[in-house]
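With numbering that gives the first Met the number 0, the residue at position 11 of the sequence shown is 10, and numbering never jumps.
Cβ coordinates follow ideal geometry from the N, Cα and C atoms, glycine included.
This one's a predicted model, so the numbers in the text were calculated from it and none came from an experiment.
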Amino acid sequence: MIPQEASKDAYSSYEKILLFRDTYADARKFGVSVFGYGHSDVDFHEKVKRKVRWRITMNGTANPTRASQVVGVGNVPMNTDLTSHLKTGKCVMWTEQRFCYPLAWGDIPKPTDEELRIRLVPRVPKDPADADAASREDDRDARSSSDDSGAGDGPAQASLDDVEAATDGVGGR
0 MIPQEASKDA YSSYEKILLF RDTYADARKF GVSVFGYGHS DVDFHEKVKR KVRWRITMNG
60 TANPTRASQV VGVGNVPMNT DLTSHLKTGK CVMWTEQRFC YPLAWGDIPK PTDEELRIRL
120 VPRVPKDPAD ADAASREDDR DARSSSDDSG AGDGPAQASL DDVEAATDGV GGR
């Protein structure tokens with residue numbers, strides 16, 4: 000969302016990054032916390048990274064041990080690899096002054112056991128001869144609905160009869 004290669008283009012991408020950076024810094028002054036995450040540090044523009052104070056290094060990835068490894072950091076409080084060997088659900092949270100080792104959390108369960116599946120069922124006539132008639136009827140309906148609505152470019156909207164909703168495991172709880 001905030002790429003390093005953003006440029007001064009027709010969409011003002013670079014200017015928006017500068018605006019985000021300034022807004023991010025101002026938010027902290029007014030007690031607003033902004034949280035962001037990404038799989039890699041390279042996903043964020045360096046102008047934004049320079050304003051980030053708290054960082055997290057997840058398990059399975061080596062935490063930085065030198066400031067040159069992280070844009071916007073003048074000092075890294077760790078001098079050895081603490082996170083590569085950690086199990087899932089653990090990480091190290093750190094700032095330029097200190098770190099919290101290890102921070103952990105339990106499994107986050109699914110919020111519900113229900114699964115919702117929607118299956119679209121097309122209208123298929125039983126007699127192939129009726130297929131041409133149904134096709135002509137759909138075309139006529141599309142033209143008349145576009146003439147009535149002024150929308151113009153497309154087939155008529157599907158009715159609720161065309162959609163069959165099937166849910167598994169949904170019951171009165």
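Asked: Hey, how far is the Cα of ALA24 from the Cα of ILE117?; Found: 44 Å
Asked: Please classify ILE16 as buried or exposed, where buried requires at least 16 neighbouring CB atoms within 10 angstroms.; Found: buried
Asked: So GLN3 and VAL41 are in contact, right, with Cβ under 8 Å, and what is the actual spacing, rounded?; Found: 7 Å
Asked: Taking C-alpha atoms, which residue in LYS46, SER12, ALA5 lies nearest to ARG20?; Found: LYS46
Asked: Report buried or exposed for THR111, applying the criterion of at least 16 other Cβ atoms within 10 angstroms of its Cβ.; Found: exposed
Asked: List the residues that DSSP assigns as beta-bridge partners of TRP93.; Found: ARG54, PHE98
Asked: Hey, is the region 78-87 in contact with the region 56-64, meaning 3+ C-beta pairs nearer than 8 Å?; Found: yes
Asked: Quick check on this structure: which residue in THR60, TRP53, GLY88, VAL120 has the alpha carbon closest to the alpha carbon of ILE107?; Found: GLY88
Asked: Could you give the distance in angstroms between the alpha-carbon of ARG49 and the alpha-carbon of VAL69?; Found: 9 Å
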